[in-house]
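Following: one structure in structure tokens, then a few remarks.
Residue numbers (this note's numbering): 28 to 629.
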């Protein structure tokens, strides 16, 4: 077994207790407000605690978790301002965040990388309460929406006349709204959910074009997942079905042409995302299986076991997901840069065209945040604000400013490449089949072993002091070999073999010189022995604290043991193997021995 060692402490281990305490205080404040809504100060305290947590998470560069707390704080502020319509939903999702976030941080402390995609469902519910777009609309989930539809998604053989299509669609919309409202009021009544599916099937039967049929078919698949219990009907799912209702209205008013001109791709992508998240994969519905196959959903998202482990580590087997996300981000950035170039070369271009590029940068910023790239996300958001100000005529448009935006986007691309290079490679230990412990677990093992080694070393030093003060009572050093052998064994278990060999050499000196031959060491020998023990002690401290260049500390121990005649260790061990008896090994060449101290007066 080889322990995983990243060479540096994660700052989370230092701030985690304070984070847990502050989150607990925020939760207590929220519970106090829910119990007595007439006192808003508790809610203000909750928002204040969340602001403190968000600042700490950003300080330790856990941007995904910070995004969660940022949205939680915004909900708390909105509750204080009484600008949230569904207060119960807001309370519920806030409480869920306060329960789930400590678990997420605990998993990070247990050695998992900070892959914020595991927080996506919670983030979506938080943003849904705030009435904002869902983060799954970004490049984190990229199904091929151009995939051909199977025969099961067939519809009308030809387009219906506009008036007839409008009349039938509006009638079906009323049925959809009625079933949706009844389901909102009683989520246990599955007949209302199934009624939603029937309406969607009838809408597909009215539709001739691919885009409306795609939406109704996939939306019906989401309804199937809700009906068979494989998908929980959270705030985000309800919001999606509300958006489906609005698309029904758009279809009634604009007909097939409206969907052909502006397909509801973002909504379709969100529907597919939640179908992919369904626990059992909608096994009770043949339609869900066809949807998963048509859009290869199983290949787009990690498996359930990977989701339970921070949705994978994005190393090795999950690099495909990261490459897909990277490609989508780069495509968006390229389109923005090309549009800026065209805008620069155009004469009399309308500044409002820059709004479209600002919206693209907003999606890119959300995606970068989900990848934990806080600094590039901030850069993108800054450039988005610049473009928005130009589009609103709040900032002059000049070549220098637009070139600055393009240059900043180049930096973002380079940061993304670096992120992939650092995360996407599997550790060498995995290639050899060795077991790699999570980082935090390795640290706990390391701390425990180093702590015990330090205790043993202190006891050995006290025994040597007692040996000198006795004076030269060799019985005082008889425990030292056992104490030091335990240290050497711990170092070898930690793959710190060089340090372990030096400790073993000290053991051999004590065994042969002091115990077997019962020599009285010279002052120089005692100094050398003290130097070697001090070097080992300093090395143990440096290892526990993950200091760099700690191997140089061992040079002091090597020099001291070489002066004592007990290094290299291999020569001593070879002689021991030949004789199998310490007594037959002559003492090392010693400096002239000091006269024995006078016997103590009685």
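Note that CB positions come from ideal geometry on N, CA and C, so glycine has one too.
Here residue 559 is buried: its Cβ has 16 or more other Cβ atoms, across all protein chains shown, within 10 Å.
Nearest C-alpha to residue 241 among 263, 192, 183 and 222: 183. Here residue 60 is buried, its C-beta having at least 16 other C-beta atoms within 10 Å.
Across the set 535, 89 and 377, the C-alpha of 535 shows the shortest separation from the C-alpha of residue 589.
Residue 324 is positioned such that its CB atom lies closer than 8 Å to that of residue 302. 94 is the residue among 555, 186 and 94 whose C-alpha sits nearest the C-alpha of residue 145. Under the 10 Å beta carbon count, residue 438 is surrounded by fewer than 16 other beta carbons and is classified as exposed. Following the DSSP letters along the chain, one finds residue 200 inside the alpha helix (DSSP H) bounded by residues 189-212. For the 8 Å CB-CB criterion, residue 317 and residue 177 form a contact. Taking residue 284 as reference, the option from 541, 104 and 189 with the minimal CA-CA separation is 189.
Distance between residue 414 and residue 429, taken at the CA atoms: about 8 Å. In terms of Cα proximity to residue 224, the closest of 90, 212, 187 and 272 is 272.
Around the CB of residue 86, fewer than 16 other CB atoms lie within 10 Å, so the residue is classed as exposed. Sequence-distant Cβ neighbours of residue 102 in its own chain, meaning closer than 8 Å and more than five residues away, are 111, 117, 120, 121, 153, 156 and 157. Separation of residue 513 and residue 483 (C-alpha to C-alpha, rounded to the nearest whole angstrom) is 8 Å. Residue burial annotation: residue 81 is buried, with at least 16 other C-beta atoms found within 10 angstroms of its C-beta. Residue state for residue 546 is assigned as coil, using DSSP reduced to three classes. The C-alpha of residue 191 is placed about 10 Å away from the C-alpha of residue 233.
The C-alpha of residue 198 lies about 26 Å from the C-alpha of residue 215.
Contact between residue 571 and residue 474 holds, with the beta-carbon distance rounding to 6 Å and staying under 8 Å. By alpha-carbon distance to residue 77, the top candidate from 108, 45, 65 and 486 is 45. With respect to the 8 Å criterion, residue 418 and residue 385 are classified as neighbours on the basis of their beta carbons. Around the C-beta of residue 175, fewer than 16 other C-beta atoms lie within 10 Å, and the residue is accordingly described as exposed. The closest CA to that of residue 282, considering only 187, 600 and 83, is found on 187. When C-alpha distances from residue 478 are compared across 509, 565, 150 and 542, the shortest belongs to 565.
For residue 231, the enclosing alpha helix (DSSP H) begins and ends at 217-233. Taking C-beta atoms as the reference points, residue 530 and residue 550 fail to come closer than 8 Å. The C-beta of residue 219 has 16 or more other C-beta atoms within 10 Å across all chains shown, which makes the residue buried. A straight-line Cα-Cα distance of about 21 Å links residue 494 and residue 593. Here residue 506 carries a coil assignment [DSSP, helix/strand/coil]. Rounded to whole angstroms, the separation of the alpha carbons of residue 71 and residue 92 is 21 Å. By the CB criterion at 8 Å, residue 476 and residue 436 fall outside the cutoff. In the structure shown, residue 109 falls within a coil segment according to DSSP collapsed to helix, strand and coil.
Between the alpha carbons of residue 391 and residue 96 lies a distance of about 20 Å. Judged by beta-carbon spacing, residue 99 lies beyond the 8 Å limit of residue 54, meaning their Cβ atoms are not closer than that value. Residue 65 sits in coil when the DSSP states are folded into three classes, being neither helix nor strand.
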